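Trainee:
There are 4 protein chains.
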Amino acid sequence: MKIANRLNSFKDEKYHLINDPKLRLEYLFKKAVKLKGITHVDLNYPDHFQYHTVKEIKDFFSKYKIGINGTAIRFYSYQEFQHGAFSNPQKEIREFAIQETKKIIDITEQLGASVVTIWPGQDGYEVPFQINYEEVWNYEVVAFKKICKHNSNIKISLEYKPHEPRINGFFYSGGITLDFISDVGEKNLGVTIDLAHSLASNEKTALILSRILQKKLLFGIHINDGYGKNDDGLPLGSVNFITLLECMYLLRKFNYNGVLYIDSDPKLINATTEFNLNVKTLKKIKKKLSQPFISQIEKTQKKQSIAEAIKLLHKLL
Amino acid sequence: MKIANRLNSFKDEKYHLINDPKLRLEYLFKKAVKLKGITHVDLNYPDHFQYHTVKEIKDFFSKYKIGINGTAIRFYSYQEFQHGAFSNPQKEIREFAIQETKKIIDITEQLGASVVTIWPGQDGYEVPFQINYEEVWNYEVVAFKKICKHNSNIKISLEYKPHEPRINGFFYSGGITLDFISDVGEKNLGVTIDLAHSLASNEKTALILSRILQKKLLFGIHINDGYGKNDDGLPLGSVNFITLLECMYLLRKFNYNGVLYIDSDPKLINATTEFNLNVKTLKKIKKKLSQPFISQIEKTQKKQSIAEAIKLLHKLL
Amino acid sequence: MKIANRLNSFKDEKYHLINDPKLRLEYLFKKAVKLKGITHVDLNYPDHFQYHTVKEIKDFFSKYKIGINGTAIRFYSYQEFQHGAFSNPQKEIREFAIQETKKIIDITEQLGASVVTIWPGQDGYEVPFQINYEEVWNYEVVAFKKICKHNSNIKISLEYKPHEPRINGFFYSGGITLDFISDVGEKNLGVTIDLAHSLASNEKTALILSRILQKKLLFGIHINDGYGKNDDGLPLGSVNFITLLECMYLLRKFNYNGVLYIDSDPKLINATTEFNLNVKTLKKIKKKLSQPFISQIEKTQKKQSIAEAIKLLHKLL
Amino acid sequence: MKIANRLNSFKDEKYHLINDPKLRLEYLFKKAVKLKGITHVDLNYPDHFQYHTVKEIKDFFSKYKIGINGTAIRFYSYQEFQHGAFSNPQKEIREFAIQETKKIIDITEQLGASVVTIWPGQDGYEVPFQINYEEVWNYEVVAFKKICKHNSNIKISLEYKPHEPRINGFFYSGGITLDFISDVGEKNLGVTIDLAHSLASNEKTALILSRILQKKLLFGIHINDGYGKNDDGLPLGSVNFITLLECMYLLRKFNYNGVLYIDSDPKLINATTEFNLNVKTLKKIKKKLSQPFISQIEKTQKKQSIAEAIKLLHKLL
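If you read the protein sequences in the order shown, they are chains A, B, C and D.
Position 45 of the first sequence, counting from 1, maps to 44 under numbering that gives the first Met the number 0, and the rest follow consecutively.
Position 125 of the second sequence, counting from 1, maps to 124 under numbering that gives the first Met the number 0, and the rest follow consecutively.
Position 95 of the third sequence, counting from 1, maps to 94 under numbering that gives the first Met the number 0, and the rest follow consecutively.
Position 151 of the fourth sequence, counting from 1, maps to 150 under numbering that gives the first Met the number 0, and the rest follow consecutively.
#1: Determine, for C:H313, whether the minimum Cβ-Cβ distance to residues of chain A falls below 8 Å.
#2: Can you tell me whether C:L260 is buried or exposed, with buried defined as 16 or more other CB within 10 angstroms of its CB?
#3: By the criterion of Cβ-Cβ separation under 7 Å, what are the contact partners of C:I296 in chain A?
#4: With C-beta atoms as the reference, is B:F170 less than 8 Å away from B:Q121?
#5: For C:L233, which beta-bridge partners are listed by DSSP?
#6: Closest by CA to B:K214, which one among A:N137, A:I241 and A:I103?
#7: Strictly below 8 Å CB to CB, what residues from chain B border A:D178?
#8: Based on Cα-Cα distance, which residue from B:A270, B:L288 and B:Q303 lies nearest to B:D11?
#9: In chain order, what residues of the same chain have a beta carbon less than 6 Å from the beta carbon of B:S405, not counting five sequence neighbours either side?
#10: Within a Cβ cutoff of 7 Å, which residues of the same chain sit near B:D46, ignoring the five residues on either side of it in sequence?
#11: Strictly below 7 Å CB to CB, what residues from chain C border B:R73?
#12: Skipping 5 residues on each side, what residues in its chain have a beta carbon closer than 8 Å to that of A:V32?
#13: Taking DSSP's pairing of strands, which residues face C:V190 in a bridge?
#14: Counting C-beta neighbours from all protein chains within 10 Å, is the total for B:K154 16 or more, i.e. buried, or is it exposed?
#15: With 9 Å as the C-beta to C-beta threshold (strictly closer), list the residues of the segment 224-245 of chain D near chain A in chain order.
#16: According to DSSP, is A:H39 helix, strand or coil?
#17: Under a CB-based cut-off of 8 Å, is A:K283 close to chain C?
#18: For A:K57, which residues in chain C fall below 8 Å Cβ to Cβ?
#19: Within 8 Å (strictly less), CB to CB, does C:I309 reach chain A?
#20: Give the single residue among B:Y132, B:A205 and B:V115 whose Cα lies nearest to the Cα of A:Q129.
#21: Taking three-plus beta-carbon pairs below 8 Å as touching, is the segment 90-104 of chain A in contact with the segment 196-203 of chain A?
#22: Considering only their Cβ atoms, is the gap separating C:G69 from C:T107 smaller than 8 Å?
#23: For chain B, find out if any of its Cβ atoms is closer than 8 Å to the Cβ of D:T204; answer yes or no.
#24: If you compare alpha carbons, which of A:Y124, A:H51, A:D230 and A:L6 is closest to A:P20?
#25: Provide the residue(s) that pair with A:A71 in DSSP beta bridges, ordered along the chain.
#26: Rounded to a whole number of angstroms, what is the C-alpha to C-alpha distance between C:P88 and B:S263?
#27: Return the CA-CA distance between B:S61 and B:I146, expressed in angstroms with no decimal places.
#28: With a 10 Å radius around its C-beta and 16 neighbouring C-beta atoms as the bar for buried, classify D:M247 as buried or exposed.
#29: What would DSSP say about B:Y26, mapped onto helix, strand or coil?
#30: What residues of chain C sit near D:P291, judged by a beta carbon separation below 9 Å?
#31: Please tell me whether A:R165 has its Cβ less than 8 Å away from any Cβ of chain D.
#32: Let me confirm a value: A:N323 is counted as buried when at least 16 other C-beta atoms fall within 10 Å, else exposed. Which label applies?
#33: Check whether the Cβ atoms of D:I319 and D:I192 lie closer than 8 Å to each other.
#34: Work out the CA separation of C:L208 and C:L216 for me, nearest whole Å.
#35: Since C:V126 and B:L312 should fall inside the 8 Å C-beta cutoff, what is the C-beta to C-beta distance between them, to a whole number of angstroms?
#36: List, in chain order, every chain B residue whose beta-carbon is nearer than 7 Å to that of D:I305.
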């Protein structure tokens with residue numbers, strides 16, 4: 000299993016005491032590589048790149064013998080994008096968002112990574128009648144076309160999320176995201192599914208995951224759990240264990256060989272402790288979902304039988 | 000305004016006392032045409048066609064001087080489709096569902112109507128691990144391709160709905176439905192949005208309606224209201240008045256000139272009374288959303304301003 | 000384990016072919032007692048009592064050697080209560096609802112049972128501004144006071160449910176139901192929790208169950224599962240397995256020795272097959288939740304540790 | 000109308016540039032009193048009290064001629080209460096939370112105010128099996144008993160909220176809060192309802208507000224709006240206008256003469272602009288809900304008629 004963990008979850012008290020900002024990123028790397036089971040990390044742009052050259056960051060990966068899963072652009076770090084990045088009413092700001100994304104695409108290639116994750120969390124609306132959905136949709140299409148065309152070797156992965164407090168996200172579900180991707184029509188545009196976002200979106204998580212996998216558009220997956228309202232970022236399977244099981248089954252069925260990015264958000268529990276528990280959960284599931292059981296699932300599903308599905312669950316739980 | 004109302008909502012006590020089943024459909028027509036404001040009705044297949052030739056039914060429309068909005072196939076009326084129509088594990092049953100749909104397409108053309116609405120309410124699953132989503136998706140694609148190709152002059156409108164008790168609907172949201180439509184790739188396939196279904200699907204109703212309109216795929220709209228859990232079929236605007244306002248605004252903006260099908264489900268209130276109240280609500284909204292206010296909305300939305308949106312609401316409410 | 004199953008789930012095709020209505024109830028008894036693991040059944044009033052004297056029904060229990068869990072009054076069977084039973088705007092109808100409930104209380108005592116379950120499913124409202132909540136609340140208090148005082152030896156168990164299509168239930172959650180019970184102030188008034196209702200009510204199911212148990216007010220429990228919107232009546236643990244585990248743990252912790260009433264609603268699966276699967280699920284859980292593990296849970300919870308809770312889950316799943 | 004607004008929503012850029020922390024609170028007062036329509040403010044403990052004596056703060060109220068609505072204790076400001084305040088597994092911390100609350104009760108009396116609002120936002124759990132609900136419930140009962148008894152002249156108002164990211168709040172709905180209050184059994188314990196919290200709790204907002212008012216337990220109300228998932232803090236009526244209308248109607252019906260505390264959370268819009276829009280919304284509603292219309296509502300509700308309720312809405316919208 001390829002496993003990544005949110006790098007920023009290692010920002011502990013010691014981290015905040017580091018005076019020289021140039022030493023902070025390396026601190027996070029040191030914490031991450033100590034984890035048993037981790038194979039990759041992701042980097043956020045611009046924050047993780049503020050005090051380092053790309054060369055320096057690339058060296059961290061060799062020095063700490065860890066893989067790079069990809070990069071993610073974080074529009075919330077920019078004052079300019081408070082009222083939207085690609086959806087911003089001002090043309091210059093929309094262009095600036097595109098330019099910044101192109102920068103991280105270039106950096107990603109230099110780092111030898113292949114995926115840039117984009118979560119346009121500021122692109123949305125607060126109240127009815129606030130935006131012209133058609134116009135904003137067109138802004139998004141234009142932006143993603145330019146971004147995708149900038150470098151067809153780099154995969155662009157759109158991470159959807161239904162809402163922030165007060166903000167309705169424009170890309171609020173897997174379904175609308177797939178529709179958007181066919182509208183953009185670029186081959187290097189795909190989807191990052193985050194389980195907690197999907198649960199909060201009230202969609203049918205396993206069905207949409209299957210759909211994304213079937214279209215070969217799963218460019219990233221964030222695993223965690225949630226109660227279906229907030230982006231809870233809870234430990235894996237702690238609430239919706241069966242959903243996690245079915246998603247892990249689907250990843251295996253479609254031979255997904257990407258990284259499992261653990262996107263839990265521990266605040267009251269040590270990040271390393273939570274990581275270890277999460278890896279244990281993944282191992283338990285891997286064991287449950289091995290052959291010949293996988294073949295049995297496939298055979299059973301031919302009949303679409305409710306009773307047989309319950310018998311499968313009896314074996315799994 | 001072109002307005003239709005669910006014909007079956009006029010099945011009152013007297014209706015059930017009619018002995019000769021051949022007289023029942025005409026009874027419903029008589030009730031419908033008495034309504035002030037109604038312009039169209041829809042017919043369900045097979046039930047409304049059981050005791051009549053197509054010719055006889057066509058004559059009702061001339062005799063009662065009312066337009067035909069379209070037809071709808073009702074798979075729940077068939078014992079065969081209990082475990083799914085197009086998604087059924089048995090090939091013969093899937094084929095039978097396609098055949099029946101072709102029949103109603105032919106009838107629809109003979110009636111001079113142009114839309115067949117399909118709500119595959121039996122196509123879904125009850126429990127996790129029950130179905131192979133990919134396989135079922137492919138069954139649906141195959142079926143809709145055949146149906147659409149049968150007669151490219153007839154529009155096929157897919158009505159989505161998130162769930163029935165115990166059943167997760169396969170077409171559970173507008174987003175997944177648009178993705179499906181691009182997968183099928185036939186020009187005569189579009190969407191029927193039902194406001195109560197959309198609310199229960201927890202999607203962003205106005206945004207997805209705009210999206211469907213922008214793609215010129217709105218082949219039907221069922222208007223009603225709901226609390227976001229069940230298919231409540233409540234009087235228009237009785238709960239989510241602002242959502243109704245925004246949807247009506249979008250229909251106007253995109254020059255939708257189809258029929259507004261009132262799909263409320265009165266049980267404790269007389270259907271005629273509810274129809275009259277609903278028409279009054281529509282008229283109130285039409286008045287609120289007239290020029291020059293429409294232009295003002297468009298101008299305001301350019302700025303994406305929350306404050307300006309609230310000022311619009313102050314004028315509307 | 001004391002286990003009951005919904006008697007009406009055995010109404011199969013053969014049942015509907017029985018000409019003599021006097022023979023129908025016995026048919027259901029015969030089907031029920033064949034189930035391995037069933038110990039009790041419930042009876043619905045008025046339907047199950049329509050063609051039999053109380054004596055005859057009592058004899059069925061001895062003849063078929065099965066226990067009686069209790070009775071339930073079904074207001075939806077009455078034309079009179081369409082617009083509400085205890086909440087009806089007409090005083091005579093409210094009184095009639097009370098009279099009917101007193102009748103079933105008397106019958107229940109004669110049957111040697113001790114609980115009457117009341118689900119006032121018609122008591123609610125469809126739209127805002129329709130009812131005076133204060134007045135209706137008072138109607139309910141008056142009705143339940145009279146009912147409880149009629150025979151203090153019979154427990155009255157109020158089953159809450161958030162909604163029906165179009166109807167907002169007046170007793171929509173465990174919290175409001177407990178508040179109502181303290182308002183009524185009668186010692187023989189308690190609660191029936193139905194897991195699917197609780198999930199659809201979006202309350203915290205385990206927390207409210209603990210609360211009801213702590214107050215010694217759990218007079219009945221309906222077990223099943225659901226997706227949190229409808230009253231799905233799905234097989235036990237098929238969706239929210241961890242919630243079921245925690246509820247079963249709480250029942251054990253509080254030494255609940257009442258009947259587990261399986262309230263699933265199989266339509267596409269044989270009722271006997273589903274019952275057997277459900278009993279198997281219960282046995283699996285019983286095994287998981289045995290000593291010394293129970294004591295370990297209690298010890299762990301003293302620390303309120305998230306990590307320790309995940310470790311408990313690792314042992315349970 | 001008595002109207003308050005969240006003082007902290009005036010923390011603008013200038014505020015953050017004030018060097019002397021002693022000058023900050025007064026800055027907020029100055030901003031607040033400029034608002035047309037504001038009559039009261041609330042103070043948070045400990046933050047607003049950090050750099051001032053109670054005397055100094057009292058003087059602000061006279062100097063700026065504004066009323067004090069009450070105080071609120073903010074446990075999230077304390078490192079000690081991260082794992083819960085009254086629910087904390089450690090007895091010393093539970094006691095410390097009680098001591099701190101007693102302090103603010105004393106201060107509140109000195110200020111001449113009469114209500115302390117308590118939102119125990121850290122009291123809850125993240126995952127199943129983490130806490131012993133019964134034990135924590137008892138901790139809460141003990142704490143609130145002590146707090147209430149400390150000074151029976153000061154009203155203690157419990158503000159409920161269903162969740163924070165990752166945290167399930169212990170007081171998650173109005174129903175469970177009323178049940179808790181009857182368990183505590185102290186006359187000076189009541190409820191603060193926050194509309195966005197109530198919507199996110201999926202309860203029936205108007206019904207529970209009526210219930211709290213009927214029990215004379217409404218000690219505070221926070222008005223705002225939300226989409227039913229997060230604590231959105233949106234402008235009044237911008238989403239659920241009819242719910243706001245019905246709540247305002249209930250406040251009038253029960254002669255609530257407390258302060259309307261506007262708890263919106265503007266980030267992308269100037270706080271003063273949003274306040275002005277909110278006051279305008281309130282005035283519009285006040286006008287709609289005046290006599291003789293109020294009497295007409297009451298008369299209409301006697302019939303519990305759906306059609307009459309829709310006619311009321313036609314007059315209101």
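Positions of the beta carbon are idealized from the N, C-alpha and C atoms, including for glycine.
Remember, it's a predicted structure, so these values are computed and weren't measured experimentally.
Mentor: In short, the structure shows the following:
#1: True, the Cβ-Cβ gap to chain A drops below 8 Å.
#2: Residue identity differs from the one stated: residue 260 of chain C is Tyr in this sequence, not Leu. Buried: at least 16 other Cβ atoms inside 10 Å.
#3: The contacting residues do not exist; C:I296 stays about 15 Å from chain A at best.
#4: Not in contact: B:F170 and B:Q121 (Cβ atoms no closer than 8 Å).
#5: Paired residues: C:D224.
#6: A:N137
#7: What A:D178 touches in chain B: G174, L177, D178, S181 and R210.
#8: B:A270
#9: In the structure as shown, chain B starts at 0 and stops at 316, and residue 405 of chain B therefore has no counterpart that could be examined.
#10: R73 and S76
#11: In chain order: nothing, as chain C lies at least about 17 Å away.
#12: Y63, K64 and I65
#13: C:L157 and C:L217
#14: B:K154 should be labelled buried.
#15: Within the segment 224-245 of chain D, the residues whose Cβ lies closer than 9 Å to some Cβ of chain A are D224, G225, Y226, G227, K228, N229, D230, D231, G232, L233, P234, S237 and V238, listed in chain order.
#16: strand
#17: yes
#18: Those within 8 Å of A:K57 in chain C number zero; the least Cβ separation is about 35 Å.
#19: yes
#20: It is B:A205.
#21: no
#22: Yes, the pair counts as a contact, with Cβ atoms nearer than the cut-off.
#23: So no, D:T204 is outside the interface.
#24: The residue from A:Y124, A:H51, A:D230 and A:L6 with its alpha-carbon nearest to that of A:P20 is A:H51.
#25: A:N43 and A:T116
#26: 24 Å
#27: 29 Å
#28: Of the other Cβ atoms in all chains shown, 16 or more fall within 10 Å of the Cβ of D:M247; this residue is therefore buried.
#29: helix
#30: Going along chain C, no residue has its Cβ under 9 Å from D:P291, so there is no contact; the nearest lies around 16 Å.
#31: With 8 Å as the cut-off, A:R165 counts as an interface residue toward chain D.
#32: Look at the range of chain A in this structure, 0 to 316, and you will see that residue 323 of chain A is not part of it.
#33: The structure shown does not extend to residue 319 of chain D, since chain D is modelled only from 0 to 316, so the question has no answer here.
#34: 10 Å
#35: Not quite, the Cβ-Cβ distance comes to about 21 Å (not below 8 Å), so this is no contact.
#36: L267 and I268
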